[in-house]
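Per this note's numbering, the sequence shown starts with residue 134, numbered consecutively.
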Amino acid sequence: MRIFSLLTALVLLATPVKALEQDAQKIQKIEDYLNNVKTMSASFVQTASNGSSSEGSLKVAKPNKIRMEYKEPANILIVGDGENIVYNDKDLDQVTNINYDDVPASLILADNIKIDGKQIKVSNYYEDKGSTVVTLRYPSKPEIAPITLTFTNSPFALRQWSIVDPQGIEVLVSLYDVETDTSFDNDTFKFKKAKSPLKYKGKK
């Protein structure tokens with residue numbers, strides 16, 4: 134993990150005006166990027182601090198539409214149609230409905246993101262030559278875990294996000310083969326439960 138520089142109120146008070154303006158420009162750049170990307174498709178690798186890992190595909194269409202399909206052995210499908218998010222564990226044949234307000238990653242699904250310290254607040258920021266890392270939290274929703282976004286600087290693009298789940302496990306999602314401004318068919322973000330395979334009944 135990189136060591137993030139903490140942007141506290143005390144630091145801001147001691148920072149020269151030009152530096153404050155520069156910081157504001159950097160945060161604005163992140164906000165503009167998140168608002169300008171309306172659709173996205175990518176492959177992803179998800180790793181967790183407990184040692185687990187999985188791969189899959191991601192599709193996003195704003196506002197609030199998402200499809201994350203995990204490859205075996207995870208065999209999980211997450212679909213959000215803009216109103217509801219469905220978590221489908223195919224192996225267990227189990228379907229769970231999730232509230233958008235309970236999902237930290239819903240940040241990247243919103244149509245109009247404002248990092249203004251009210252709706253969304255910066256709690257950590259780090260930048261080097263190759264990447265920019267920012268941790269964002271929801272001041273009005275302390276029960277929702279902060280989300281850390283990692284961007285490449287050239288070109289400036291989202292390539293990773295991470296959260297810490299209620300069990301204290303850090304989950305890191307890395308994106309690759311990213312495409313933006315893609316188009317999807319109408320069924321992409323509709324959940325359809327897969328039919329169980331028919332079992333052949335032979336003669337006794």
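Built from N, CA and C at the ideal position, the CB exists for glycine as well. In this text the structure is predicted, and so the values were computed from the model without any measurement.
For residue i, the nearest candidate out of the options (CA to CA)
i, options, result
"Met173", "Ala290, Ser295, Gly301", "Ala290"
"Ser190", "Val311, Lys325, Leu167", "Val311"
"Val219", "Leu225, Ile211, Asp226", "Ile211"
"Ile209", "Asn197, Val193, Gln227", "Gln227"
"Lys274", "Arg292, Asp261, Thr283, Ile253", "Ile253"
"Asp261", "Phe177, Lys323, Asp222, Asn286", "Asn286"
"Val266", "Lys171, Tyr233, Ser295", "Ser295"
"Glu276", "Asp298, Lys325, Pro206, Phe322", "Asp298"
"Asp244", "Ala157, Lys325, Tyr166", "Tyr166"
"Pro272", "Arg200, Gly250, Asp224, Phe322", "Gly250"
N- and C-terminal bounds of the beta strand (DSSP E) containing residue i
i, result
"Leu269", "264 to 270"
"Gln300", "First-last for Gln300: undefined, no H or E at that position."
"Phe284", "280 to 286"
"Ser352", "The first residue shown for the chain is 134 and the last is 337, placing residue 352 beyond what the model contains."
"Tyr233", "Unbroken run through Tyr233: none, as it is neither H nor E."
"Phe177", "172 to 181"
Inter-residue Cα distance where the pair is residue i and residue j
i, j, result
"Arg270", "Tyr259", "15 Å"
"Val306", "Lys159", "23 Å"
"Thr315", "Val193", "9 Å"
"Glu202", "Ala175", "11 Å"
"Thr180", "Ser186", "4 Å"
"Glu216", "Thr313", "22 Å"
"Phe317", "Lys171", "12 Å"
"Phe177", "Arg292", "9 Å"
"Thr141", "Asn221", "At Thr141 the pLDDT is 27, less than 50, meaning the model places this residue with poor confidence; the figure from the coordinates comes in the next sentence. So the alpha carbons of these two residues sit roughly 40 Å apart."
"Asn257", "Ala207", "32 Å"
"Asn168", "Asp214", "19 Å"
"Lys204", "Gly184", "17 Å"
Ranges of the beta strand (DSSP E) found wholly within the stretch 205 to 254, counting only runs of at least 3
Qualifying beta strand (DSSP E) stretches, in chain order: 209 to 214, 218 to 222, 227 to 231.
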